[in-house]
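Since the structure comes first, as C-alpha cells, the remarks are kept for the end.
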Amino acid sequence: MTRLVLLGPPGAGKGTQAKRLAERLTVPAVSTGDIFRANVSEGTELGREAQRYMDAGEYVPDSVTNAMVADRLAEPDAAGGFLLDGYPRTAAQVAELDRMLAAGGASLDAVVELTADSEEIVARLKNRAETEGRSDDTETVIRRRLEVYTEQTAPLTRVYSERGLLVEVDGIGAVEDVTARILATLGR
Ligand code: ADP
671 MTRLVLLGPP GAGKGTQAKR LAERLTVPAV STGDIFRANV SEGTELGREA
721 QRYMDAGEYV PDSVTNAMVA DRLAEPDAAG GFLLDGYPRT AAQVAELDRM
771 LAAGGASLDA VVELTADSEE IVARLKNRAE TEGRSDDTET VIRRRLEVYT
821 EQTAPLTRVY SERGLLVEVD GIGAVEDVTA RILATLGR
C-alpha cells in the first residue's frame, strides 16, 4: 500500500513526476491543480469558484479544496493508495488530510519534497507559459505563486520532517533521472 504526498514549489516538476510515479507504483495520481483546471474548462460551479484564485496566483480556500480532495480520496481507486500532487499546501490542509486518513485507519508512508532553485523554476515556468499557455503562468502571477508557496507551503516540510516522513529529492535533471532518484529514495 502506497500513500504518498509530493511537495515542492511550482515548476519543481511535481505534476510530471506524479504521473510517472503513479504508473510505476500503480496508484492514482491525485493532482488538485489538474482537478481545478478540469472544472474550469468544464465550467462547473467549483471551476467558477476556483478560477479567480488560480488566475491571481492565490490558493483556493481550504474549505473548497478540502471538500474536493475528500471526495476524490473516497473513490474506490484510492482505497489501495494514492499519490497526492499539490495537496496539502496549507497547515489547515495537513490537519484535514490527517483527519481523512485517520477516519479510514490509514496513514501516509512518505512525503517527497522535490527541490529546485528559483532560477531554474522561473525558467521552467516561462517555458511552460510558451508551450502550454496556462493562464497562471504570466510573470506577475508566477511571482505571486512563489511567494504564497514560501509563506504557506514551505513550512509544511518541517511538519512532515518532524514526523519522520520527509524525503528530499533533487528535482534538477532529466525527467527519467528524477523519477529514478525518487523511486530509489523510497526504496522502490
Ligand atoms: P503549480 O504548483 O505549478 O503552481 P498546480 O497545477 O499544482 O500548479 O496548481 C495551480 C493552482 O491551483 C494553484 O496556484 C492554486 O490556485 C490552485 N491549487 C492547487 N492545489 C491547491 C491546494 N492544495 N490548495 C489551494 N489551492 C490549490
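Reminder that position 160 of the sequence shown reads as 830 in the numbering used here, one-by-one numbering, no gaps. Cβ coordinates follow ideal geometry from the N, Cα and C atoms, glycine included.
- Beta bridge pairing from DSSP links arginine 673 with Phe752.
- Below 8 Å, enough C-beta pairs join the stretch 691–698 and the stretch 743–759 to call them touching: three or more.
- By the neighbour-count criterion, in which a residue is buried when 16 or more other Cβ atoms sit within 10 angstroms of its Cβ, glycine 857 is exposed.
- Between valine 792 and threonine 686, the gap from beta carbon to beta carbon reaches 8 Å or more.
- Taking alanine 761 as reference, the option from Pro679, Leu716, Pro825 with the minimal CA-CA separation is Pro825.
- If you ignore the 5 residues before and after valine 829, its C-beta comes within less than 7 Å of the C-beta of Val764, all in its own chain and listed in chain order.
- For the set Arg673, Gly683, Leu676, the Cα lying nearest the Cα of serine 788 is the one of Gly683.
- Between threonine 702 and tyrosine 757, the C-beta spacing is below 8 Å.
- Within 7 Å of the C-beta of aspartate 741 there is not a single heavy atom belonging to the ligand ADP.
- Per DSSP, reduced to three states, the secondary structure at glutamate 800 is helical.
- In the DSSP annotation of this structure, the continuous segment of the alpha helix (DSSP H) that includes leucine 716 starts and ends at 715–726.
- Of the candidates Asp847, Glu817, Leu767, Gly681, Leu767 places its Cα closest to the Cα of alanine 737.
- If you ignore the 5 residues before and after valine 697, its C-beta comes within less than 6 Å of the C-beta of Thr672, Gly751, Phe752, Leu753, all in its own chain and listed in chain order.
- Secondary structure at leucine 856: coil, using DSSP grouped into helix, strand and coil.
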